[in-house]
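S.K.: Residue numbers for the sequence shown follow numbering that gives the first Met the number 0, so the first one is 0 and each next one is one higher. First, the structure itself, so that you have it in front of you.
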Amino acid sequence: MDIYIKSFNRPYLLERVLQSIVRYVKGFDKVVILEDGTPKIYLDRIQKDFPFVQFRYSPDYERKAQGERAKMAAPTEFWRKEIEKATDYFLLIEDDIWIYQEIDLKNAEQLCKVNEISILKLKWWGNEKLVNGTTVTLDDSNELLLPKMKFASETLVKNRYFLHSLLILLKIMPKNYFLEMYSIYDVAGIIFSREYYLHVWPKNQNFIQEMIQLGKAAEWFRTHKNKKVAKSKNEACLTTFISSATGNKDKLGFDMDLINDILNKAWYEQKLDSMLQFPKDMRLDYVQSFLEGHIHPQQIDTWRNWSYSFRRNFTNMGSSLIAYNNMDEVPPEN
Numbered sequence: 000m001d002i003y004i005k006s007f008n009r010p011y012l013l014e015r016v017l018q019s020i021v022r023y024v025k026g027f028d029k030v031v032i033l034e035d036g037t038p039k040i041y042l043d044r045i046q047k048d049f050p051f052v053q054f055r056y057s058p059d060y061e062r063k064a065q066g067e068r069a070k071m072a073a074p075t076e077f078w079r080k081e082i083e084k085a086t087d088y089f090l091l092i093e094d095d096i097w098i099y100q101e102i103d104l105k106n107a108e109q110l111c112k113v114n115e116i117s118i119l120k121l122k123w124w125g126n127e128k129l130v131n132g133t134t135v136t137l138d139d140s141n142e143l144l145l146p147k148m149k150f151a152s153e154t155l156v157k158n159r160y161f162l163h164s165l166l167i168l169l170k171i172m173p174k175n176y177f178l179e180m181y182s183i184y185d186v187a188g189i190i191f192s193r194e195y196y197l198h199v200w201p202k203n204q205n206f207i208q209e210m211i212q213l214g215k216a217a218e219w220f221r222t223h224k225n226k227k228v229a230k231s232k233n234e235a236c237l238t239t240f241i242s243s244a245t246g247n248k249d250k251l252g253f254d255m256d257l258i259n260d261i262l263n264k265a266w267y268e269q270k271l272d273s274m275l276q277f278p279k280d281m282r283l284d285y286v287q288s289f290l291e292g293h294i295h296p297q298q299i300d301t302w303r304n305w306s307y308s309f310r311r312n313f314t315n316m317g318s319s320l321i322a323y324n325n326m327d328e329v330p331p332e333n
């Protein structure tokens, strides 16, 4: 089984992800990094430290690596074309999703094939609503998930007959109505069957719109009654709340690209320890120590508030982020 990692110019996090693979994952074939803008000088260090990885470069890689990231779309078609070359089953993660439980991918692949599993979820943000349904034990580490879906979920998520738009307009649709549909899909932190992945990501989709993927996922399981969903018994992946791959500077009130560039440089100079507190996230005070003197204090405050809001968004939806750590640094909402 291959491992694919989407990478977006955050080598200080990519190193953490690769270290976690070395520590916790066995039975993989290739580790392929789908690279979308990390400067070559950083990739050379990654290649030196992890000689087993292979790089594939997006069409806009060179421009993004030189800093032309604003208003440039995610390389969805590139991702799809690369996944077309994947093994029948593959693990897909991103440069901010690391493993913290032991995973044997050869065993997982056999389990998926025998039980006709289309996705095996390893990550759900500490929120049982994202793995909603009845479970049946498969082995010591994994279980089948029999999702509980609301009536007409597929019709609504696809917005057939404009029902979705109408119900929102009339304020009839409950908040987080579609949350449970993530039991049958998520962007990453999943072992996918290649056949399923290529179905939910149609050709020539040149933008990210998760409602499309949710609709295609519902369609897949409606038309493939024999296909199943599974999950690890314990959540096996964690993520960061200190940065994101993208962000509109005007909307955020600070420059996320600049923050990532500063942290990348600190990592390259071996000042930033990417494994600090592993498997838990880095603390904001630690990250802030690298930003001070490079960013206006007001922007640092705005960045911290963004991180607080980022986490609150998940806890307000029902996530328990204790495993992700550092909830003690998030002040109570006013």
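Yeah, the Cβ is synthetic: ideal placement off N, Cα and C, and Gly gets one too.
Using a Cβ-Cβ cut-off of 6 Å (strictly less than) and excluding sequence neighbours within five positions of V329, which residues of its own chain qualify?
M.R.: Contacts found: Y307, R310.
S.K.: How would you call F205, buried or exposed, if buried means at least 16 neighbouring beta carbons within 10 angstroms?
M.R.: For clarity, residue 205 is Asn in the given sequence; the question names Phe instead. When all chains shown are included, N205 counts as exposed.
S.K.: Residue ranges of each alpha helix (DSSP H) run of no fewer than 4 residues wholly in the stretch 170–253, ordered along the chain?
M.R.: Here the runs fully enclosed are 193–199, 209–222, 248–251.
S.K.: With 16 as the cutoff for other CB atoms within 10 Å, does D139 come out buried or exposed?
M.R.: exposed
S.K.: Look up F77 in the DSSP assignment and say whether it is helix, strand or coil.
M.R.: Reduced to three states, the DSSP call for F77 is helix.
S.K.: What are the boundary residues of the beta strand (DSSP E) that includes W97?
M.R.: 96–98
S.K.: To which residues of the same chain is L283 closer than 8 Å at the C-beta, ignoring the five residues directly before and after it?
M.R.: I241, R303, S306, N325, E328
S.K.: Specify the secondary structure class of Q269 as computed by DSSP and reduced to three states.
M.R.: coil
S.K.: Can you tell me where the alpha helix (DSSP H) with K120 in it begins and where it stops?
M.R.: No alpha helix (DSSP H) contains K120, which is instead part of the beta strand (DSSP E) from 116–120.
S.K.: Going straight from the alpha carbon of I20 to that of P58, what length do you get?
M.R.: 27 Å
S.K.: Between the Cα of Y88 and those of L197, F220, K202, L251, spot the shortest distance and give me the residue it belongs to.
M.R.: L197
S.K.: My assumption, with CB atoms under 8 Å, is that Y323 sits in contact with A235. Please give the rounded CB distance.
M.R.: With a Cβ gap of about 13 Å, Y323 and A235 do not count as contacting.
S.K.: Once the 5 residues before and after D43 are set aside, which same chain residues still bring their CB inside 8 Å of it?
M.R.: none
S.K.: Say whether the stretch 24–39 touches the stretch 63–80, bearing in mind that this needs 3 or more beta-carbon pairs closer than 8 Å, one atom from each stretch.
M.R.: Yes, they touch.
S.K.: Take the Cβ of P201 as the centre, count every other Cβ of all protein chains shown within 10 Å, and call the residue buried at 16 or more, exposed below.
M.R.: exposed
S.K.: Below 8 Å on the Cβ atoms is my contact criterion, and I expect L12 with T239 to pass it. Report the Cβ-Cβ distance as a whole number of Å.
M.R.: With a Cβ gap of about 6 Å, L12 and T239 count as contacting.
S.K.: Identify whether E291 lies in helix, strand or coil by the three-state DSSP scheme.
M.R.: strand
S.K.: Could you pull the DSSP bridge partners for I92 from this structure?
M.R.: I4
S.K.: May I have the straight-line CA-CA distance separating A107 from L320, to the nearest angstrom?
M.R.: Straight-line spacing of the CA atoms in A107 and L320 works out to 26 Å.
S.K.: Report back the beta-carbon spacing between E14 and S273 to the nearest angstrom; my notes put them in contact at under 8 Å.
M.R.: 4 Å
S.K.: How big is the Cα-Cα spacing for S117 and E268?
M.R.: 42 Å
S.K.: E142 and T134 look like a contact to me (Cβ under 8 Å); what is the Cβ gap, rounded to whole Å?
M.R.: 4 Å
S.K.: Return the Cβ separation of Y181 and V199 in integer angstroms, given the expectation that the two are a contact with Cβ distance under 8 Å.
M.R.: Their Cβ separation, rounded to whole angstroms, is 12 Å, which puts Y181 and V199 out of contact at 8 Å.
S.K.: Quick check on M316: does DSSP put it in helix, strand or coil?
M.R.: coil
S.K.: On a CA-only basis, which of N247, Y195, A229, E209 is nearest V130? Give me that one, please.
M.R.: A229
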